[in-house]
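Chains as they are written, first to last, in the numbering used here: chain A, 1 to 327; chain B, 328 to 654.
Note that CB positions come from ideal geometry on N, CA and C, so glycine has one too.
Some notes on the structure that comes next.
Number of protein chains: 2
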Amino acid sequence: MPNKPLSELRSDPIDGHKVYIAEDRAGRPNDYAGVRIAEASAASCPFCAGHEGETPAATMEVPGNGPWQVRVIPNKYPAVRYDAVQVAGDAEAPSGAHEVIIESPRHLRDVAELSTDELTRVLGVYRDRLRHWSQDDRLQHATLFKNVGFAAGASLEHVHSQLVALPFVPAAVEAELEGSRRYYQTHGQCIYCRLLADELRLGTRLVARRGSYAAFCAYAGRQPYETWLLPQEHAAQFHELADSELAEFASLLQHVLGRLRRQLGELSYNLILHTLPFHSAEAQLYHWHWELIPRTSQLAGLEWGAGVHINPLSPERAAQKLRDGDR
Amino acid sequence: MPNKPLSELRSDPIDGHKVYIAEDRAGRPNDYAGVRIAEASAASCPFCAGHEGETPAATMEVPGNGPWQVRVIPNKYPAVRYDAVQVAGDAEAPSGAHEVIIESPRHLRDVAELSTDELTRVLGVYRDRLRHWSQDDRLQHATLFKNVGFAAGASLEHVHSQLVALPFVPAAVEAELEGSRRYYQTHGQCIYCRLLADELRLGTRLVARRGSYAAFCAYAGRQPYETWLLPQEHAAQFHELADSELAEFASLLQHVLGRLRRQLGELSYNLILHTLPFHSAEAQLYHWHWELIPRTSQLAGLEWGAGVHINPLSPERAAQKLRDGDR
């Protein structure tokens, strides 16, 4: 790895988003460098075992040591409501589903603190809930995501994920589909399969492999350490996974989170599942993957106004740090 | 204004981005509600008068009370470099301009603290720098933006803006252009002119008018209080403004910032100029405007993963609060 700071413009091979890798910027002065985000204060956490009465009734529970290990509830403050009534006017009524997956009865902050068996069961719940919603013809897609820490937009600290099923294909997924479609038309191959083959061959951005899964730092990562996790075998929908395929992925995810923590300390991050829309006939050209985005800086004017990102740490350097485990 | 919480899905009329207005969510519990961002510590600020030696030599200075009132410098830690050498390989070398506009010799935090005359001079500098870069055929567009406060991605507290001129039209601007083009082809009119006429007629999202400028809360605002400021007369490029047109806009901007501060206290915000690409022949269909986005919450998984925003305060309610000036 060269020590010279990297400075170049990159375009994401899938959706084309642009990122300036600008390692020179890492040394700039920062009036806010001393800013420390205070710890959350969760004196009375509605997600802890024993407080089930403070949340809606569970849709699904997975047993474990204690009252349950995983508990799925409708979001009490949903962005979208299932079975919402369509209203007149130019605005569409929200009609979708929004649920919360509580991933431990204990007040843990991160799935990295679960055992691999426990995380495997959590992944099984993700799969099962996606299967459930995929059977509703009115819903087109679900985004499953995890906000960990204040800087990642979490409002509650207790380890949990959210599932938002929508009556349309969201823009970010549509942009990936368009890119994948273009590539497939020209090359007759899934672009993610090709990308992964390249990453495994090059190795410079590879973070880790576990069985049939791999994790690498994204070529056009928008934030330092942005990491994608995906299956090496082509698969378009996460919810088609078999039970036997979950444990290896759980192990990879925990490994990557552990390495990130070694670099960044207690980190804030978003972890987002990208999966083919429910009723799509394009399974040949799309590949499910998780995008793990540590939130080390705020999105600022250029990101908001231009859609152009600036990343002060090259994905190659980030991957090397994660592989080596050195700080 | 009805007191019932609003819950609906909106699409932006220009670029189509989707926002769930979900006022129900305003009451949800928050472990991080007590988080206070510590003040910046700017013991030695490179942007203050007397510290000019710590920054690159000025490209432009506007005289004022003191050594200067406005000072333009190349960014010492640029995302893009002017006259960068093109490198081989699949990545493009950054080639663009990145400069900083320091808007007061005093350590102020916000342009709201300038006099209207001073802010008018600052706007004149924006205009002049855009004119300057617009004459370079290699550059396609410039984004002029201001990050104020930690939550908006600022690294220095001292009042300043940034200009990033790029050798391509950035994605967010291209998306607006596409929407504007579609509307123009069907209706033979600038979509922003139509939108503004509607907003002035309806009045529910209007915040203020000053002479020939208006400010309103965006119909599909992505964050509470997102406000757009624009000229009532059609104009595609900010850098074509005459000197005589700057003072009214300065007055409107200060008014809006004052009203926002009354609602939100010392706020973090991004203020971003959207203007027609330099060499475009589509002046008839695009309309320059500023997007002012107070940063009251973090972008989370749904925004990152799906491109779908959730806004817990309706634009109509936000505009009413800004008009009335009550908390």
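Is the CB of GLN284 of chain A under 7 Å away from at least one CB in chain B? For GLN284 of chain A, no Cβ of chain B is located within less than 7 Å of the residue's own Cβ.
Between the Cα of GLY211 of chain A and the Cα atoms of A:TYR225, A:HIS255, A:GLN284, A:HIS239, which residue gives the shortest distance? Distance from the Cα of GLY211 of chain A is smallest, within the candidate group A:TYR225, A:HIS255, A:GLN284, A:HIS239, for A:HIS255.
Quickly, what does DSSP pair PHE477 of chain B with across the bridge? List them, please. According to DSSP, PHE477 of chain B shares a beta bridge with no other residue.
Per DSSP, ALA343 of chain A is paired with what? Any answer about residue 343 of chain A is impossible in this case: the structure gives chain A only from 1 up to 327.
Terminal residues of the beta strand (DSSP E) in which HIS98 of chain A lies: DSSP places HIS98 of chain A in the uninterrupted beta strand (DSSP E) bounded by 97-102.
Quick one: any contact between the region 505-513 of chain B and the region 463-477 of chain B, if contact means 3 or more CB pairs under 8 Å? The region 505-513 of chain B vs the region 463-477 of chain B: no contact.
With 7 Å as the threshold, decide whether the Cβ of GLU157 of chain A is near any Cβ in chain B. Any Cβ of chain B closer than 7 Å to the Cβ of GLU157 of chain A would place that residue at the interface, and such an atom is present.
Straight-line Cα distance separating LEU130 of chain A from LEU163 of chain A: It is roughly 8 Å from the alpha-carbon of LEU163 of chain A to the alpha-carbon of LEU130 of chain A.
Whole-angstrom distance between GLY476 of chain B and TYR596 of chain B, CA atom to CA atom: If you draw a straight line from the Cα of TYR596 of chain B to the Cα of GLY476 of chain B, it is about 7 Å long.
Relative to the C-alpha of GLY265 of chain A, which candidate in A:LEU156, A:ASP110, A:GLN237 has its C-alpha closest? Measuring from the Cα of GLY265 of chain A, the nearest candidate turns out to be A:ASP110.
Distance, Cα to Cα, ALA318 of chain A vs ASN30 of chain A? Put simply, the backbone Cα of ALA318 of chain A is about 22 Å away from that of ASN30 of chain A.
By Cβ distance, which residues of its chain are closer than 6 Å to VAL122 of chain A, with the 5 residues on each side in sequence left out? VAL70, GLU103, listed in sequence order.
Own chain partners of GLY89 of chain A with C-beta closer than 8 Å, once the 5 adjacent residues on each side are dropped: Because the pLDDT of GLY89 of chain A is 45, which lies under 50, any placement of that residue in the model is unreliable, and the number read from its coordinates should be weighed accordingly. Annotation for GLY89 of chain A: no residue places its beta carbon closer than 8 Å to its own, counting only its chain and skipping 5 residues before and after.
Along the chain, where does the alpha helix (DSSP H) containing ASP28 of chain A start, and where does it finish? Note that residue 28 of chain A is Arg in the sequence shown here, rather than Asp. Element bounds for ARG28 of chain A: n/a, residue is neither H nor E.
Ordered list of alpha helix (DSSP H) runs contained in the region 552-635 of chain B, each at least 4 residues: Entirely contained in the region 552-635 of chain B, the alpha helix (DSSP H) runs reaching 4 residues are, in chain order, 573-591, 628-633.
GLY179 of chain A, DSSP secondary structure in three states: Annotated three-state conformation of GLY179 of chain A is helix, per DSSP.
Which residue wins for smallest C-alpha separation from SER422 of chain B, given the options B:PRO432, B:PHE495, B:LEU619? Looking at the Cα atoms, B:PHE495 is the closest of the given residues.
Residues bridged to VAL346 of chain B [DSSP beta-bridge criterion]: DSSP output for VAL346 of chain B lists B:ARG337, B:HIS636 as bridge partner(s).
DSSP-derived helix/strand/coil call for GLN162 of chain A: The answer is strand: DSSP assigns GLN162 of chain A an E or B state.
Under 7 Å between C-beta atoms of ALA709 of chain B and THR447 of chain B: Nothing about residue 709 of chain B can be read from this structure; chain B reaches only from 328 to 654.
Give a yes or no on whether 7 Å exceeds the smallest Cβ distance from GLN237 of chain A to chain B. Output row for GLN237 of chain A: interface = no.
Would a C-beta distance cut-off of 7 Å place GLU316 of chain A and ARG209 of chain A closer than the cut-off? Pairing GLU316 of chain A with ARG209 of chain A gives a Cβ-Cβ distance that is not under 7 Å.
Cβ-Cβ distance between LEU600 of chain B and LEU594 of chain B below 7 Å: No, the pair does not count as a contact, with Cβ atoms beyond the cut-off.
Residues near THR275 of chain A in its chain [Cβ-Cβ closer than 6 Å; skip 5 each side]: Result list for THR275 of chain A: GLN237, PHE238, TRP288, in chain order.
The beta strand (DSSP E) enclosing GLN69 of chain A, as first and last residue numbers: Secondary structure note for GLN69 of chain A: its beta strand (DSSP E) is the uninterrupted segment 66-74.
Taking 7 Å as the threshold (beta carbon to beta carbon), is ASN334 of chain A in contact with chain B? The structure shown does not extend to residue 334 of chain A, since chain A is modelled only from 1 through 327, so no value can be given for it.
Could you tell me which residues DSSP pairs with ALA469 of chain B in its beta bridges? Paired residues: B:ALA492.
Closer than 7 Å, CB to CB, is PRO332 of chain B near chain A or not? With 7 Å as the cut-off, PRO332 of chain B does not count as an interface residue toward chain A.
Pick out whichever of B:ASN402, B:ASP444, B:SER442, B:ARG433 has its Cα sitting closest to the Cα of ALA424 of chain B. Nearest of B:ASN402, B:ASP444, B:SER442, B:ARG433 to ALA424 of chain B, Cα basis: B:ASN402.
With a threshold of 16 other CB atoms inside 10 Å of the CB of LYS345 of chain B, please say whether the residue is buried or exposed. The C-beta of LYS345 of chain B has 16 or more other C-beta atoms within 10 Å across all chains shown, which makes the residue buried.
Report the rounded CA-to-CA distance for CYS48 of chain A versus GLU54 of chain A, giving the unit in angstroms. Taking the straight line joining both Cα atoms gives about 10 Å.
Which chain B residues sit within Cβ distance under 8 Å of ALA171 of chain A? Under the 8 Å cutoff, chain B gives GLY343, HIS344, LYS345, ALA633, GLY634, VAL635.
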